[in-house]
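Numbering (the numbering used here), first residue to last: 37 to 231.
See below:
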């Protein structure tokens, strides 16, 4: 039975990079909410006369945020029971704070936490400066709003709340500040697979 591994955290933490590094060595699919939502978000924002590269404003969140999580989870749930694990990547801030959310999602496919292995990697960095450096290094127009509104955006770096009813051994708070990607991936891989 495949497992669901959530890589949660703010922009710049390296969630996707870490998930892909592990998936390169394991039978796993990486479902990145930003990638799955991008074509729809571009169209929706343009249709409303808004900046199609905006991924952070209140307007974007009102129009696109929930759709992104629905698309991502529908893709993950559609693959329940296959041989490949699902690595699900995104901030999931509101969802992680809701103790019932993961159970509701699994129940959409007649499953529960008792018959589906769910693990969570809460990815973060040790300083605001490192977040800024890594986001800047991406050179993505999707980050322009972040820099124009840094004082507001920086609140995303606060510790994440995870209220899902998971065993403590299924939750890893991971400081991804080291530039050693191979070492980081090996640590997280051991957490996921227990090897």
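A virtual CB, placed ideally from N, CA and C, is assigned to each residue, including glycine. Computed from a predicted structure; not experimentally measured.
Ignoring anything shorter than 3 residues, give me the beta strand (DSSP E) runs that lie fully in the region 146 to 199, in order along the chain. If we require 3 residues or more, the beta strand (DSSP E) runs fully inside the region 146 to 199 come out as 154 to 160.
Quiz item: Are residue 92 and residue 181 touching if we call contact CB-CB under 8 Å?
Solution: Taking the first residue of the chain shown as position 1, residue 92 is located at position 56. Taking the first residue of the chain shown as position 1, residue 181 is located at position 145. For residue 92 and residue 181, yes; Cβs fall inside 8 Å.
Kindly identify the DSSP beta-bridge partner or partners of residue 122. Looking up residue 122 in the chain shown gives position 86. For residue 122, which the question treats as bridged, DSSP gives the partners 40 and 65.
Quick one: what's got a C-beta closer than 6 Å to residue 80's C-beta in the same chain, skipping five residues either side? Here residue 80 corresponds to residue number 44 of the chain shown, with the count starting at 1. The answer, listed in chain order, is 99 and 100.
Under a Cβ-count criterion, where at least 16 other Cβ atoms within 10 Å of its own Cβ denotes burial, should residue 188 be classed as buried or exposed? For this step, residue 188 is matched to residue 152 along the chain shown. Residue 188 comes out exposed.
**OP:** Report back the beta-carbon spacing between residue 112 and residue 44 to the nearest angstrom; my notes put them in contact at under 8 Å.
**Re:** As a position in the chain shown, residue 112 is number 76, starting the count at 1. As a position in the chain shown, residue 44 is number 8, starting the count at 1. Between residue 44 and residue 112 the Cβ distance is about 14 Å, and since that is not below 8 Å, they are no contact.
Legend entry - Straight-line Cα distance separating residue 212 from residue 49: Counting from 1 along the chain shown, the entry for residue 49 is found at position 13. Counting from 1 along the chain shown, the entry for residue 212 is found at position 176. Rounded to the nearest angstrom, the two C-alpha atoms are 7 Å apart.
Check your understanding: Residue range of the beta strand (DSSP E) that residue 140 falls in?
Key -> Indexing the chain shown from 1 puts residue 140 at position 104. It is not in any beta strand (DSSP E) - residue 140 instead sits in the alpha helix (DSSP H) that spans 137 to 143.
Taking DSSP as the reference, what is the three-state secondary structure of residue 110?
-> Translated into the one-based positions of the chain shown, residue 110 becomes position 74. Three-state DSSP puts residue 110 in a helix.
**Prompt:** From residue 190 to residue 172, what does the alpha carbon distance come to, in whole angstroms?
**Reply:** The residue given as residue 190 occupies position 154 in the chain shown. The residue given as residue 172 occupies position 136 in the chain shown. For residue 190 and residue 172, the distance between alpha carbons rounds to 14 Å.
Between 47, 42 and 59, which has its C-alpha nearest residue 218's C-alpha?
One-based indexing of the chain shown puts residue 218 at position 182. Per the C-alpha coordinates, the member of 47, 42 and 59 positioned closest to residue 218 is 59.
_Can you tell me which residues form a DSSP beta bridge with residue 208?_
Numbered from its first residue, the chain shown carries residue 208 at position 172. 157.
- Taking 8 Å as the threshold, find out whether the region 71 to 91 comes into contact with the region 135 to 145 through three or more Cβ pairs. no
Alpha helix (DSSP H) segment containing residue 227, residue limits: To locate residue 227, count along the chain shown from 1; it is residue 191. From DSSP, the alpha helix (DSSP H) with residue 227 extends over 217 to 229.
Just how far apart, CA to CA, sit residue 130 and residue 157? Locating residue 130 in the chain shown gives position 94, counting from the first residue. Locating residue 157 in the chain shown gives position 121, counting from the first residue. Their Cα atoms are separated by approximately 16 Å.
First and last residue of the uninterrupted alpha helix (DSSP H) at residue 57: Taking the first residue of the chain shown as position 1, residue 57 is located at position 21. Start and end: 51 to 59.
State the Cα-Cα distance for the pair residue 224 and residue 82, rounded to the nearest angstrom. To locate residue 224, count along the chain shown from 1; it is residue 188. To locate residue 82, count along the chain shown from 1; it is residue 46. If you draw a straight line from the Cα of residue 224 to the Cα of residue 82, it is about 38 Å long.
My understanding is that residue 42 touches residue 107, with C-beta atoms under 8 Å, so please give their C-beta distance in whole angstroms.
Against the chain shown, residue 42 aligns to sequence position 6. Against the chain shown, residue 107 aligns to sequence position 71. Actually they do not touch by this definition, with Cβ atoms about 15 Å apart.
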